[in-house]
Amino acid sequence: LKPPRIQMSSRSSSRERGHSRKRRRERDRRRSSRDDSRDGRRGRKERDRREEDGREKDGREKKNGRERERMERRREKMEEKEEEEEQRMEDDERIVNEDDGDVEKKSKKKKKKKKKKGKKEKKKKRRKHEELLGDDEDDNSEGEKQEEEEAG
1 LKPPRIQMSS RSSSRERGHS RKRRRERDRR RSSRDDSRDG RRGRKERDRR
51 EEDGREKDGR EKKNGRERER MERRREKMEE KEEEEEQRME DDERIVNEDD
101 GDVEKKSKKK KKKKKKKGKK EKKKKRRKHE ELLGDDEDDN SEGEKQEEEE
151 AG
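Sequential numbering from 1 applies to the sequence shown in full-length UniProt numbering.
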């Protein structure tokens with residue numbers, strides 16, 4: 001016949017059963033580390049802890065999160081740079097369009113100089129030129145025309 005038992009805390013009752021606190025702590029640590037390392041998955045305890053505080057407890061997860069944030073920041077910076085570049089290009093295009101006449105004329109002249117022409121094409125060009133200017137410079141330009149034909 002035993003005296004009526006007083007309800008004790010779980011820790012003291014387990015101590016009565018012969019489990020020291022130290023031993024229990026070691027066993028728990030081993031079990032949790034075993035759970036964590038198995039198949040590279042997170043252990044049961046680790047998962048429970050994460051669910052409790054809703055935070056990333058795993059060091060690897062924290063590192064990945066930081067890397068993810070860094071990559072996002074880098075991506076945002078790149079997008080901003082691209083937008084600025086596009087804006088700059090648009091501004092440059094506007095400036096070129098304002099000066100467009102001069103730029104196009106110069107480039108076309110250079111291209112025409114490189115291209116060799118036959119006598120008929122030269123005569124056509126000459127006629128157009130004379131119509132635009134009038135017959136004022138007719139005397140001088142005939143000599144120049146002959147020199148061009150001899151050279152070309």
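In this text, a Cβ means the ideal position worked out from N, Cα and C, and glycines have one as well.
*On the three-state DSSP scale, how would you describe Ser32?*
Correct three-state label for Ser32: helix.
*asked:* Helix, strand or coil, according to DSSP, for Arg5 in the structure here?
replied: When secondary structure is reduced to three states using DSSP, Arg5 falls in the coil class, being assigned neither helix nor strand.
*Between the C-alpha atoms of Lys77 and Arg94, what's the straight-line distance to the nearest angstrom?*
Cα-Cα distance, rounded: 26 Å.
*Quick one: Cα of Lys22 to Cα of Leu1, how far?*
Cα-Cα distance, rounded: 33 Å.
*Per DSSP, what kind of secondary structure is Gly134 in: helix, strand or coil?*
Gly134 falls in the coil class under three-state DSSP.
*In whole angstroms, what separates the C-alpha of Glu90 from that of Glu79?*
Straight-line Cα distance between these residues: approximately 16 Å.
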